[in-house]
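Q: Have a look at the structure that comes next, please.
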Amino acid sequence: MSAAAALARLVVVLLGVWVGVLGSLVHRTTFEVMGADRPGGLVLSLVTVALVAVACGFAVRVGAAWFGLGWTLVLLLQQLQPSGSYLVAADAIGWTWMIGGLGVCAAAVLLAPRLER
């Protein structure tokens with residue numbers, strides 16, 4: 007593996023970490039629409055994960071998998087604390103963020119183009 011390929015994979019993993027941190031901060035944001043609170047932050051976070059994972063899949067060979075690794079590391083490290091995570095609560099929105107994000111990353115890996123190099 008060349009140094010450029012290793013650097014590209016490192017950048018994609020760090021991008022996954024960055025999106026994971028930002029999504030964990032934003033996913034609980036709600037917007038009032040017609041008198042009811044809607045989970046707009048959750049939708050925005052999951053769409054961001056999907057778009058960036060697909061873009062990484064196009065940019066780097068198995069880039070969606072490397073992105074998913076960085077994203078997953080953030081969520082796993084948050085859950086390792088004895089008191090649990092401060093950012094991702096164990097409720098419907100928190101579980102949707104974690105499981106939905108994993109599903110989006112898995113779909114991006116499965117649907118990524120097979121780059122021949």
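Here the sequence shown is numbered in this note's numbering, starting from 7 and rising by one per residue. Positions of the beta carbon are idealized from the N, C-alpha and C atoms, including for glycine. Given the structure is predicted, the values throughout are model-derived calculations rather than measurements.
(1) Quick one: residues in its chain with C-beta nearer than 8 angstroms to the C-beta of LEU75, no 5 flanking neighbours on either side, listed in chain order?
(2) Among GLN87, ALA65, LEU13, GLY47, which residue has its Cα nearest to the Cα of GLY29?
(3) What does the Cβ neighbour count give for SER8, buried or exposed, with the cut at 16 atoms within 10 Å?
(4) Mind checking ALA96: buried by the 16 CB within 10 Å criterion, or exposed?
(5) Just to confirm the assignment: which complete alpha helix (DSSP H) runs, minimum length 4, are found wholly within the region 10 to 74?
(6) Report yes if the C-beta distance between ILE99 and ARG15 is below 8 angstroms; otherwise report no.
(7) Whole-angstrom Cβ separation of ALA112 and VAL60, contact assumed at under 8 angstroms?
A: If we stick to the structure as given:
(1) VAL19, GLY22
(2) GLY47
(3) exposed
(4) exposed
(5) 46 to 65
(6) no
(7) Not quite, the Cβ-Cβ distance comes to about 12 angstroms (not below 8 angstroms), so this is no contact.
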